[in-house]
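Now the structure itself:
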């Protein structure tokens with residue numbers, strides 16, 4: 172009985188015989204992820220048709236790869252004597268990008284397509300251990316009066332001459348202004364910020380676009396905009412006026428500084444800051460850098476700077492704390508609060524959500540009853556909660572789902588061993 176192979180996919184491809192087209196796939200697997208090419212398989216019927224001379228095919232494949240793919244890919248070849256096929260296994264390489272001729276390919280579904288110029292540039296920078304902000308900036312006339320004043324006030328820089336600009340990374344060794352330099356210059360052509368005030372129905376209020384200026388000025392413009400909506404004056408007991416903030420200004424400043432330092436500057440998108448009555452959302456282009464997981468970013472003080480020069484200069488200016496501690500600094504400003512900051516990641520963006528202080532959830536009587544069960548118990552199972560509250564299985568399930576979503580309860584374990592615990596920030600809700 173003829174064997175039918177699985178359908179072609181992102182990591183498997185069939186070739187009836189050897190043609191140069193397979194070399195695109197070798198490049199794509201090397202750049203994207205491990206994959207297999209089987210020779211001697213009909214790519215339409217997915218049946219084995221065999222090769223007239225598998226050993227000669229083996230040699231042809233090896234010679235074509237060694238003469239056409241650069242740098243040298245990681246691969247292995249084997250012959251299946253039963254059905255006279257040759258298996259080529261290609262590993263994702265560490266020296267990306269891998270080219271076939273003058274073109275680097277990636278996998279897109281079951282096809283191998285040319286890599287975008289943006290991805291190609293990023294892979295070259297990563298391979299060369301450089302960051303985008305080190306590259307030469309677009310040609311233009313750049314001045315640094317704003318940065319010079321900040322540097323003088325913050326770390327005692329006496330004069331920002333050409334040598335100082337080079338040592339700080341504002342210019343490269345050839346004297347050309349870098350991307351980091353352009354971003355810190357008084358005027359530039361890079362993307363900026365979109366600041367918008369919305370109500371809870373997403374209806375627009377005031378909107379302000381900030382671009383064409385130093386990112387230091389962008390930061391201060393964002394803080395000034397923030398203060399218009401989240402700053403209040405209160406009269407203390409001794410009749411003194413005191414500033415209070417609905418959202419910690421330190422957390423907002425840290426989140427915006429991190430967005431400016433760690434965003435991808437090779438895309439034309441703005442940082443978007445959405446201001447709601449109950450929260451602020453700060454969305455920056457670019458997901459987490461390669462080499463760091465969400466868990467490491469949020470809990471391990473791990474930092475992999477996307478723009479090394481900018482990160483170093485913001486650190487020297489005192490605009491961010493020690494690299495990797497930004498999340499901790501933001502969370503510190505919410506200590507003891509029920510609603511905590513949230514962090515949302517996608518492959519192409521990162522969003523920091525800062526809630527208004529002193530918010531408590533709107534709870535139903537049934538939800539309050541469930542919370543009360545934790546007065547004397549650290550953890551409870553669903554069965555225990557059902558017995559103590561008298562709620563039906565379906566009703567209790569809906570209540571627990573909502574309390575977990577609102578981060579009033581935390582879930583421990585899974586399956587039959589699932590237990591619920593009251594979050595520390597919800598202790599005063601009992």
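Residue numbers (my numbering): 172 to 601. No residue lacks a Cβ here, since even glycine has one placed at the ideal position from N, Cα and C.
Checklist entry - Is the segment 432-439 touching the segment 454-473 in the sense that three or more CB pairs, one from each, lie closer than 8 Å? => result Yes: the two stretches touch, three or more of their Cβ pairs being nearer than 8 Å.
Next on the checklist: Runs of 4 residues minimum, wholly inside the segment 213-282: which ones carry the alpha helix (DSSP H) assignment?
Outcome noted: Unbroken alpha helix (DSSP H) runs of no fewer than 4 residues, entirely contained in the segment 213-282, are found at 225-239, following chain order.
Item to check | Per-residue burial, residue 390 [other beta carbons within 10 Å of its own, 16 or more giving buried] | outcome: So residue 390 counts as buried.
Checklist entry - How long is the line joining the alpha carbons of residue 490 and residue 305, rounded to whole angstroms? => result So the alpha carbons of these two residues sit roughly 20 Å apart.
Item to check | residue 514 (DSSP reduced to helix, strand or coil) | outcome: The answer is strand: DSSP assigns residue 514 an E or B state.
Checklist entry - Excluding the five sequence neighbours on either side, which residues of its own chain have a C-beta within less than 8 Å of the C-beta of residue 174, listed in chain order? => result For residue 174, where only same-chain residues beyond five positions count, the Cβ hits under 8 Å are 218, 219, 254.
Next on the checklist: Buried or exposed for residue 202, going by 16 or more other Cβ atoms inside 10 Å?
Outcome noted: Under this definition residue 202 is a buried residue.
Checklist entry - Which ranges would you report for the beta strand (DSSP E) in the segment 350-432 if only whole runs of at least 3 residues count? => result Counting only runs of at least 3 residues, the segment 350-432 fully encloses the following beta strand (DSSP E) elements, listed from N- to C-terminal order: 364-369, 375-381, 402-406, 412-416.
Next on the checklist: If we define contact as Cβ-Cβ less than 8 Å, is residue 442 a contact residue for chain C?
Outcome noted: No chain C appears in the structure shown, which is made up of a single protein chain.
Checklist entry - According to DSSP, which residues form a beta bridge with residue 581? => result Residue 581 is bridged to 592.
Item to check | Cβ-Cβ separation, residue 421 to residue 504 (assumed contact under 8 Å), whole Å | outcome: That belief holds up - the Cβ atoms of residue 504 and residue 421 are roughly 5 Å apart, short of 8 Å.
Item to check | Any non-hydrogen atom of the ligand SAM within 7 Å of residue 461 CB | outcome: With respect to small molecules bound, the structure shown includes none, and the ligand SAM cannot be examined in it.
Checklist entry - Quick one, are the C-beta atoms of residue 318 and residue 261 less than 8 Å apart? => result Against a cut-off of 8 Å, the Cβ pair of residue 261 and residue 318 comes out as no contact.
Checklist entry - Which same chain residues, not among the five before or five after residue 309, have their C-beta less than 8 Å away from its C-beta? => result Correct list, in chain order: 353, 360.
Checklist entry - Quick one, which of 430, 593, 483, 400 has its alpha-carbon nearest residue 419's? => result Residue 400 is the option with its Cα nearest to residue 419.
Checklist entry - Of all the alpha helix (DSSP H) runs that stay within the bounds of the segment 175-218, which reach a length of 4 or more residues? => result Entirely contained in the segment 175-218, the alpha helix (DSSP H) runs reaching 4 residues are, in chain order, 193-203.
Checklist entry - On the three-state DSSP scale, how would you describe residue 563? => result If DSSP states are grouped into helix, strand and coil, residue 563 belongs with coil.
Checklist entry - Since residue 454 is in the beta strand (DSSP E), which residue starts that stretch and which ends it? => result It spans 450-456 - the beta strand (DSSP E) in which residue 454 sits, taken as one unbroken run.
Checklist entry - Looking only at C-alpha atoms, which of 388, 204, 291 sits nearest to residue 610? => result Nothing about residue 610 can be read from this structure; the chain reaches only from 172 to 601.
Checklist entry - With a Cβ-Cβ cutoff of 8 Å, do residue 233 and residue 248 count as a contact? => result A contact, by the Cβ cut-off of 8 Å.
Checklist entry - For the alpha helix (DSSP H) that residue 293 lies in, which residues bound it at each end? => result If you look at residue 293, you'll find it in the alpha helix (DSSP H) that goes 288-298.
Item to check | residue 442 - partner residues in DSSP beta bridges | outcome: As a beta-bridge residue in DSSP terms, residue 442 pairs with 364.
Checklist entry - With distances taken from CA atoms, which of 206, 488, 431 is nearest residue 321? => result Here the closest residue by C-alpha is 488.
Checklist entry - Does the segment 235-251 come close enough to the segment 279-297 that 3 or more CB-CB pairs lie under 8 Å? => result They do not touch, by the three-pair rule.
Checklist entry - Which residue's Cα is closest to the Cα of residue 215: 356, 178, 222, 191? => result The shortest Cα separation from residue 215 among 356, 178, 222, 191 belongs to 178.
Checklist entry - Among 385, 381, 283, which has the Cα closest to the Cα of residue 314? => result Between residue 314 and the set 385, 381, 283, the nearest pair of CA atoms involves 385.
Checklist entry - residue 414 to residue 464, Cα distance in whole Å? => result Here the alpha carbon of residue 414 sits roughly 38 Å from the alpha carbon of residue 464.
Checklist entry - Mind checking whether residue 591 and residue 550 have CB atoms under 8 Å apart? => result Going by C-beta atoms, residue 591 is nearer than 8 Å to residue 550.
Checklist entry - What is the rounded straight-line gap between the Cα of residue 514 and the Cα of residue 176? => result In this model, residue 514 and residue 176 are separated by some 43 Å (Cα to Cα).
Next on the checklist: I need the straight-line Cα distance from residue 365 to residue 394, nearest angstrom please.
Outcome noted: If you draw a straight line from the Cα of residue 365 to the Cα of residue 394, it is about 13 Å long.
Checklist entry - What residues are listed by DSSP as bridge partners for residue 342? => result For residue 342, the pairing in a beta bridge is given by DSSP as 348.
Item to check | Reduced DSSP category for residue 541 - H, G, I as helix; E, B as strand; rest coil | outcome: In the structure shown, residue 541 falls within a helical segment according to DSSP collapsed to helix, strand and coil.
Next on the checklist: Taking its Cβ as the centre, do 16 or more other Cβ atoms sit within 10 Å of residue 441, making it buried, or is it exposed?
Outcome noted: Around the C-beta of residue 441, 16 or more other C-beta atoms lie within 10 Å, and the residue is accordingly described as buried.
Next on the checklist: Using C-beta distances below 7 Å, list every residue in its chain close to residue 276, excluding the 5 sequence neighbours before and after it, in chain order.
Outcome noted: Here the set comprises 195, 198, 199, 202, 283, 284, 285, 286.
Checklist entry - How close, in whole Å, do the beta carbons of residue 369 and residue 447 come, if the pair is a contact with beta carbons under 8 Å? => result Rounded, the Cβ-Cβ distance is 6 Å, consistent with contact.
Next on the checklist: Suppose contacts are defined by Cβ-Cβ distances below 8 Å. Is residue 183 in contact with residue 206 by that definition?
Outcome noted: For residue 183 and residue 206, yes; Cβs fall inside 8 Å.
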